[in-house]
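J.: So that we are looking at the same thing, I have put the structure below in C-alpha cells.
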Amino acid sequence: MKNILPIFLLLFASLSCITDDSVPFNGIEFDGTGYRPIYATAEEVAKIQIQEPRLLSKPGKIYLLDPYIFVNESGEGIHVINNSDPKNPENLSFISIPGNYDMAAKGSWLYADNMSNMVVFDISDPKSPKLTKTIADAIPVNNYPSFRNIYFECAEDKKGIVIGWEKVPMSERPKCYR
Amino acid sequence: MKKLAPLFFIGLTLIGLIMLLIGCQENADSSVSPQTGVGGSMARFAITGNTLYIVSKESLEVYDIANAGNPVKAQKKDMNVGIETIFPYQNHLFIGANDGMYIYNNSNPNNPSFVTKYTHIQSCDPVVVQGQYAYVTLRSGVACRLGNTFSSLDVVDVSNKSQPVMVSTQAMTSPYGLGVSGNKLFVCEGENGFKVMDITEPRNPVLKHHFEDLPSYDVIVRNNNLIITGEKGLFQYRYDNSDNVEFLSKIPVL
C-alpha cells in the first residue's frame, strides 16, 4: 500500500497538467452546469441600505449577540433578529450589503464585510442600524466562488466587481475550475 | 505506555464526574465576555476582548476595537492561500485552511504569533476546540483532500499547541459547520441533515441523533440552545443532558 501512494500522487499531479477538453480537471466530470459571476459597479457595491425585515432566502453564517441573532443572506446582507424569546424570534430589519457573507458584533457595534471593504454599524437601535464607517480594502478578496470541485466562468475585471456567483446550465465547460 | 492507557481513561472519567458534580463544566462559552457575541464555526470574523480578527483567503487581518466604533488596523499576517475559518479559544486562534490547521497564540491580542501549522489535515472546513481537543470536519473532494474523497470528523489532541496529534477519525457524509459544548458535539451535514454526538469520551465522538430532515450549514451552541442555519431556514432547539432535543422555533426560507 505504501508503494501505491506515490504512484497515485504522480498520476494525480500529471492529470492536473492536462488541459485537453476531453479530460476533466482532477477527475471531476462537467455536468452541464457551472458558476457564473454576478457583476456590479463600484457604486452598486457601495450601496448599503437599511430595509424592512425580509424573508430568508439563502441563509449562511450566523452570529449571536444576546438577545440578537444576525443571519447572513448569502452575498446580500444581514437579517437582524430579536431572539429574546427563542420560541418566537422576531425579524427586526434587513441590512442590505452587497457581497456580504460574514459579520461579528460587540456591544452596540456590528462589523461586516462588503466585498473587500469592512463596514461598521451602530446597532443601538437594531430596528434601524446606522452605517458609521467604511474601511476600504480591509479584506483581500479573490475572484472565484467559495465552492470547491466546480467549474466556473473566469471573472473579468473589465466587467465590474464580482459580488456573487450563480449556478447556471452551461452548454460547454467553462475554463476555470477549483 | 499501554499500561497507562486505562489509568488515563479512569482519570479522565473521574475528572469528568467531578466537573459534572460541581456543575462548572468548562465550555467555549466561558471565554466569551458579556459584551461580545459568538459566531459559528464557519466564521471568517471573530472578536475576543478588544480585538477583531478577520481571515481573508490569504491573510489574518487584526483590528483594534478598543474604541469599538472606530476599528484601527493593528496587524496583518500573510498566510498561504485557502484560508477558510477562524475559531478563537482561550489564548489561541485556530484557523482552518485548505492545507491544514494553523494555530496562533494571541496572548498579545493585537499581534498574534504563529505557533504551528498542522498539515496532517487537508481540509476545506472548520475547527472547534474544547479542552485539549480540536474537532475538525473535512468535506470530501479532491481539491480539499489530495487523492482522497472521504469526508470525516477528526479529533486532534492540541494539548501541546506546537505539536497537535490526531487521535481519531470517523466517516461523515458532507460536513460543514460544527459546534461543541460540554459532552455534546454537533455536526452540520449540509443537505444530509444534522448530527448530535456524545463526547463524554472526547477522543471518540459517538452518534446519538441524526436529524435527516434538517439540512444544516452552521450552528451556534449557547446555554443548551442550538441555533442552526440551513437551506430550509433558521432553526432553534433546546437540548438537555439526557439526550432530549426539543424544537423551539423556525424562521423558514420562502
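Quick note, the sequences are listed as chains X and C, same order.
Per the numbering used here, numbering through the first sequence is continuous, rising by one, with the last residue being 206.
Per the numbering used here, numbering through the second sequence is continuous, rising by one, with the last residue being 1180.
Heads up, the beta-carbon is just placed ideally off N, CA and C, and yes, glycines get one too.
Quick caveat: nothing in here was measured; it's all calculated off a predicted structure.
(1) Taking C-beta pairs closer than 7 Å, name the residues in chain X that F1137/C reaches, listed in chain order.
(2) Taking 7 Å as the CB-CB limit, is D130/X close to chain C?
(3) Between M968/C and chain X, is any beta-carbon pair separated by less than 7 Å?
(4) For D94/X, name the three-state secondary structure that DSSP assigns.
(5) Per DSSP, K1110/C forms a beta bridge with which residues?
(6) Chain X partners of K983/C, CB-CB under 8 Å?
(7) Would you report the Cα separation of S174/X and G105/X, rounded to the nearest angstrom?
(8) Give every residue of the same chain whose Cβ lies closer than 7 Å to the Cβ of S956/C, excluding the five residues on either side of it in the sequence, and list them in chain order.
(9) For the beta strand (DSSP E) containing V73/X, list its first residue and its last residue.
(10) Kindly indicate which three-state DSSP category D141/X falls into: helix, strand or coil?
(11) Judging by CA-CA distance, which residue of G1105/C, D1139/C, V1122/C is the nearest neighbour of Q1056/C?
(12) Report back the beta-carbon spacing between T160/X and D150/X to the nearest angstrom; my notes put them in contact at under 8 Å.
(13) Just to confirm, does P1014/C get its C-beta within under 6 Å of one of the non-hydrogen atoms of the ligand GDP?
(14) Report the rounded CA-to-CA distance for S74/X versus R206/X, giving the unit in angstroms.
(15) Output yes if chain C places a C-beta closer than 7 Å to the C-beta of T61/X; else output no.
(16) Taking just the CA atoms, how far does K203/X sit from F180/X?
(17) Can you pull out the residues from the region 173-205 of chain X whose beta carbon lies closer than 7 Å to at least one beta carbon of chain C?
(18) Starting from the C-beta of A1189/C, find all residues in its chain whose C-beta is less than 7 Å away, skip the five residues before and the five after it, and write them out in chain order.
(19) Go ahead and pull the three-state DSSP assignment for K187/X.
(20) Return the residues of the region 1009-1040 of chain C that lie within a Cβ-Cβ distance of less than 8 Å from chain X, sorted by chain order.
(21) Does the CB of F971/C have a neighbour CB from chain X at under 7 Å?
(22) Across which residues does DSSP place R64/X in a beta bridge pair?
(23) What's the C-alpha gap between I66/X and S85/X?
(24) Listed in chain order, which residues of the region 143-154 of chain X have Cβ atoms closer than 9 Å to some Cβ of chain C?
(25) Quick one: grab the DSSP three-state call for S957/C.
(26) If you check the beta carbons only, do A969/C and K89/X fall under 7 Å apart?
T.: In brief:
(1) In chain order: nothing, as chain X lies at least about 17 Å away.
(2) yes
(3) yes
(4) coil
(5) S1107/C, D1124/C
(6) P168, V169, N170
(7) 17 Å
(8) With a pLDDT of 40 at S956/C, under the threshold of 50, the predicted position of this residue should be treated as unreliable, though the coordinate-derived value follows. Around S956/C: no qualifying Cβ.
(9) Counting along the chain, V73/X falls outside any beta strand (DSSP E), though it belongs to the alpha helix (DSSP H) covering 70-73.
(10) strand
(11) G1105/C
(12) 5 Å
(13) Here there are no bound small molecules, and the ligand GDP is not part of this structure.
(14) First, the residue type needs correcting, since residue 74/X is Ala and not Ser in the sequence shown. Each residue's alpha carbon lies about 28 Å from the other.
(15) no
(16) 7 Å
(17) R176, N177
(18) The structure shown does not extend to residue 1189/C, since chain C is modelled only from 927 through 1180, so no value can be given for it.
(19) helix
(20) none
(21) yes
(22) E194/X
(23) 17 Å
(24) S144, M146, V148, D150
(25) At S957/C the pLDDT is 42, less than 50, meaning the model places this residue with poor confidence; the figure from the coordinates comes in the next sentence. Note: S957/C maps to helix in three-state DSSP.
(26) yes
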